[in-house]
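A.B. asks:
Residue numbers (our numbering): 6 to 124.
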């Protein structure tokens, strides 16, 4: 067996230092939390609206189709941006922040508008 291979396989384990959370990653996490919580709120409102409409006998297929089309369209845009060559070369922290900045505004504004228009 080659000495370097033996050393790699059988040397004592090295303890790796814990990963540091950079401010970029913390900002990206905060933006993703805002995005996902607003999407959860919007999903709840759409679900309740569909349930009430179905209980009254109103057809809800077109409404749900439009909601899902918007959701899948937004996800497709994020995937397309993620697959762009310039974005692929970014570090993981910066890439996550870029995608969070792109994903956050629309659902957040929709959720806030819905929340404040209801009261």
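Ideal placement from N, C-alpha and C gives every residue a C-beta, glycine not left out.
1. Which value, in whole angstroms, describes the spacing of the CA atoms of residue 99 and residue 50?
2. Does the beta-carbon distance from residue 109 to residue 36 come in below 8 Å?
3. Does the distance from the CB of residue 90 to the CB of residue 43 come in under 8 Å?
4. Would you grab the beta carbon distance between residue 68 and residue 55 for me? Rounded to a whole angstrom, and I think it's under 8 Å.
5. Which residue spans inside the segment 25 to 65 form an unbroken alpha helix (DSSP H) run of at least 4?
6. Between the Cα of residue 105 and those of 30, 71 and 8, spot the shortest distance and give me the residue it belongs to.
7. How big is the Cα-Cα spacing for residue 114 and residue 73?
8. Taking Cβ to Cβ, would you say residue 103 is nearer than 8 Å to residue 95?
9. What is the rounded straight-line gap between the Cα of residue 80 and the Cα of residue 121?
C.D. replies: The structure says:
1. 32 Å
2. yes
3. no
4. 7 Å
5. 28 to 61
6. 30
7. Using only the alpha carbons, I get a separation of about 18 Å.
8. yes
9. Note on geometry: alpha-carbon atoms of residue 80 and residue 121 lie some 26 Å from one another.
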